[in-house]
Every structure is written in C-alpha cells, then in structure tokens.
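Asker:
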Amino acid sequence: MVSYADFITLLFAFFVVMYSLSSLNEGKYRVMSDSVVQAFRSIGTHDAGRQVVAIAPIPSIRPAPATSAEAEEQRRAKAERVRNMAEEIRKVLAPLVADGQVRVTEGAFGITVEINAAVLFAPGEAQLGPDAVRALRAVAQVVAEAEFPITVEGHTDVMPIASAMFPSNWELSAVRASSVVRLFVEGGVRPSRLTAAGYGDQRPVADNATAEGRARNRRVTILVESRLVEPAVTAPVRASGVADSILPADAAPPAPAPASTPTSGVETKP
Numbered sequence: 001m002v003s004y005a006d007f008i009t010l011l012f013a014f015f016v017v018m019y020s021l022s023s024l025n026e027g028k029y030r031v032m033s034d035s036v037v038q039a040f041r042s043i044g045t046h047d048a049g050r051q052v053v054a055i056a057p058i059p060s061i062r063p064a065p066a067t068s069a070e071a072e073e074q075r076r077a078k079a080e081r082v083r084n085m086a087e088e089i090r091k092v093l094a095p096l097v098a099d100g101q102v103r104v105t106e107g108a109f110g111i112t113v114e115i116n117a118a119v120l121f122a123p124g125e126a127q128l129g130p131d132a133v134r135a136l137r138a139v140a141q142v143v144a145e146a147e148f149p150i151t152v153e154g155h156t157d158v159m160p161i162a163s164a165m166f167p168s169n170w171e172l173s174a175v176r177a178s179s180v181v182r183l184f185v186e187g188g189v190r191p192s193r194l195t196a197a198g199y200g201d202q203r204p205v206a207d208n209a210t211a212e213g214r215a216r217n218r219r220v221t222i223l224v225e226s227r228l229v230e231p232a233v234t235a236p237v238r239a240s241g242v243a244d245s246i247l248p249a250d251a252a253p254p255a256p257a258p259a260s261t262p263t264s265g266v267e268t269k270p
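Residue numbers are given in full-length UniProt numbering: position 18 of the sequence shown equals residue 18, and the series is strictly consecutive.
#1: Considering only residues of the UniProt domain "OmpA-like" (107–228), which uninterrupted alpha helix (DSSP H) runs meet the minimum length of 4 residues and lie entirely inside it, listed in chain order?
#2: How about Val119 and Ile89: do their beta carbons lie closer than 8 Å?
#3: For Met85, report the span of its alpha helix (DSSP H) as first-last.
#4: Could you tell me which of Leu11, Ser163, Thr195, Phe15 sits nearest to Ile182, measuring between CA atoms?
#5: Going by alpha carbons, who is nearest to Asp131 out of Val142, Ser192, Asn217, Leu93?
#6: Measure the alpha-carbon distance for Glu125 versus Arg227 and round it to whole angstroms.
#7: Return the CA-CA distance between Met1 and Thr9, expressed in angstroms with no decimal places.
#8: Compute every distance between the C-beta of Arg81 and the non-hydrogen atoms of the ligand NAP, then say whether any falls below 7 Å.
#9: So which of Ile111, Gly198, Arg137 has the shortest CA-CA distance to Glu80?
#10: What does the Cβ neighbour count give for Asn116, buried or exposed, with the cut at 16 atoms within 10 Å?
#11: Which residue or residues does DSSP assign as beta-bridge partners of Val102?
#12: By a C-beta neighbour count over all protein chains shown, 10 Å radius and 16 as the cutoff for buried, is Val53 buried or exposed?
#13: Is the segment 190–206 touching the segment 70–78, taking contact as three or more C-beta pairs under 8 Å?
#14: Residues in its own chain within less than 8 Å of Ser3 by CB, not counting five upstream and five downstream?
#15: Specify the secondary structure class of Val242 as computed by DSSP and reduced to three states.
#16: Are Ala140 and Val104 closer than 8 Å when you measure CB to CB?
#17: Spatial neighbours of Glu225 within its chain, please: C-beta separation below 8 Å, excluding the five flanking residues on both sides.
#18: Any idea what DSSP makes of Ser35, helix, strand or coil?
#19: Tell me whether the beta-carbon of Thr156 lies closer than 8 Å to the beta-carbon of Leu172.
#20: Would DSSP call Pro18 helix, strand or coil?
#21: Give the single residue among Gly213, Val185, Glu212, Leu11 whose Cα lies nearest to the Cα of Val133.
#22: Hey, how far is the Cα of Ala71 from the Cα of Val143?
#23: Is it the case that the Cβ atoms of Ala206 and Glu153 are separated by a distance below 8 Å?
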C-alpha cells in the first residue's frame with residue numbers, strides 16, 4: 001500500500017507540472033497573438049492614410065548576371081584568343097600550309113585544321129612519322145593552355161582496305177585519330193578536352209572519282225571548338241510511325257533516297 005501510494009503521488013506531481021507548463025505556454029501564445037493583432041491594426045491604419053510601409057527584399061547571394069556590354073566584351077576577348085591561336089597554328093605549320101598540305105580556317109564554332117593524311121602516315125598505316133610528330137607537338141603546345149574542347153577526326157577515301165590490323169576504313173580512320181589524340185596528351189593537352197572520331201569514307205570533301213579528290217579525302221581534321229556563337233535550334237523532326245499512317249498521301253514525308261554504293265576497286269591506301 002505504501003509503494004502504491006508513492007506511485008500515485010508521483011503521477012499526481014507529474015501531471016501538475018505538465019499542466020503548469022501548458023498554462024504558461026498558453027499565456028505566451030496569447031501575448032504573441034495580441035501583438036500580431038495590434039501589428040495588423042497598425043498596418044491597416046497606415047494604409048488607410050496612404051502611408052504604406054515598404055519592406056526591403058532580402059539581398060540574393062547569387063552573382064548578378066552580366067550586362068549586355070559585359071557579355072559583348074567577353075565575346076570579343078574570346079574571339080581575340082581564338083584568332084591568336086589560329087595564327088600560332090599557321091605559324092608552326094607554315095611550310096605545310098604553304099605547300100597546300102594543311103588548311104587552317106576559322107569559323108563561328110571554332111578553328112578547323114585539316115591535314116592531308118600523306119603528311120602524317122605511311123600508306124595504309126596509323127603510326128605517325130617523325131616529321132608528323134614534330135609538327136603535331138608544336139600544335140599541341142599552342143592549344144594546351146586553352147580551355148576549348150578538341151575533336152580529332154580521321155577520314156579516308158572510298159577505296160576499301162582489308163588488312164590484319166584494319167579490316168575496313170572505319171578501323172583505319174579511328175586508329176589514325178586516336179594516334180593524334182595520344183600525341184596531344186603527351187604534348188600537355190588535358191585528356192578531358194580530347195575526343196577521337198573515325199568517319200571512314202562517310203564525309204568526303206572532294207570527288208572520290210578522281211585521284212586528286214581521293215587524296216583530299218584522306219585527311220585528319222582537328223576541330224578546336226571555341227563556339228563564338230551558339231548553334232541555331234532546329235525544329236524537331238517528326239518521327240515516322242503510326243502518326244504517318246493516318247496522314248493523307250500528299251502530307252506524308254517522302255521516303256529517303258537509297259544511298260549510292262561506292263564503286264569497288266583496289267588502290268593503295270596512303
């Protein structure tokens with residue numbers, strides 16, 4: 001009985017404390033409620049007298065966007081860096097540029113350096129020659145300090161190749177591009193900026209029907225993607241499928257023309 005009485009006494013004391021705390025908080029809440037009501041009444045009085053109190057916005061921690069003048073200045077500075085880089089590349093490749101083996105052009109999306117494959121590789125091979133290594137190392141030193149992405153493309157003509165190392169033009173063009181990329185990495189260009197792509201004979205720049213055209217198509221292209229302007233957004237192309245089946249015949253998109261098959265033949269791959 002004594003233990004039970006002690007237990008009941010403790011419970012009573014506990015609930016008394018809890019009730020006291022709740023009463024205290026209720027008093028605080030009532031005081032806060034009265035203060036808020038008085039504040040709103042004061043705002044209403046000021047508004048009725050055309051005295052509106054303006055609340056200053058909290059300053060943002062985001063950096064302010066660049067003005068049009070600043071953006072134009074940044075674009076001009078970037079364009080100047082691109083022009084200087086292109087001139088440096090022309091200087092280090094001056095003998096090859098004068099001989100017509102290298103073409104350096106500037107455009108809205110960057111610098112394009114087109115190098116004849118005969119300057120870089122032996123026929124049917126993907127290993128860079130000593131002269132090519134020296135020339136490309138000089139180019140790597142020019143572009144190493146820049147932040148622009150670089151894409152190295154390998155291209156061939158339409159003449160087939162079938163060797164133990166290169167079963168087709170795809171392998172030959174891809175390995176040639178990779179050889180240039182490896183040399184650029186050794187020359188100090190950050191690997192994250194580099195991309196190697198092999199296009200085989202799918203992107204000719206001259207007529208493959210002539211020997212001169214095929215020689216022009218066998219090339220390595222280095223693209224320094226500075227992008228002075230953003231590419232235009234084209235309209236989405238409608239995918240063919242069920243939607244086309246319900247269109248009238250004159251509204252359906254024309255079927256693509258079949259690709260022409262390259263003429264077969266054998267020619268030594270430079």
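The beta-carbon is built from N, C-alpha and C at its ideal position, and this holds for glycine as well.
These figures come from a predicted structure and were not determined experimentally.
Answerer: To lay it out plainly:
#1: 117–120, 130–143, 169–186, 211–217
#2: No, Cβ-Cβ distance for Val119 and Ile89 is not below 8 Å.
#3: 68–92
#4: Here residue 182 turns out to be Arg, not Ile, going by the sequence shown. Here the closest residue by C-alpha is Thr195.
#5: Leu93
#6: 33 Å
#7: Cα to Cα, Met1 sits roughly 12 Å from Thr9.
#8: The ligand NAP is not part of this structure, which contains no ligands at all.
#9: Ile111
#10: buried
#11: Ile115
#12: Model confidence at Val53 stands at a pLDDT of 46, short of 50, so the residue's coordinates are unreliable; what they give is reported in the following sentence. Per the 10 Å Cβ criterion, exposed.
#13: no
#14: None.
#15: Bear in mind that the predicted position of Val242 carries a pLDDT of just 41, short of 50, making it unreliable; the figure below should be weighed with that in mind. DSSP places Val242 in the helix class (H, G or I) of the three-state scheme.
#16: no
#17: Within the same chain, Cβ atoms closer than 8 Å to the Cβ of Glu225 are found at Phe109, Gly110, Phe148, Pro149, Ile150, Thr151, the five residues on either side in sequence being excluded.
#18: In this structure, Ser35 counts as helix in the three-state DSSP scheme.
#19: yes
#20: A small correction: the amino acid at residue 18 is Met; Pro does not occupy that position in the sequence shown. The answer is helix: DSSP assigns Met18 an H, G or I state.
#21: The residue with the shortest Cα to Cα distance from Val133 is Val185.
#22: Rounded to the nearest angstrom, the two C-alpha atoms are 24 Å apart.
#23: no
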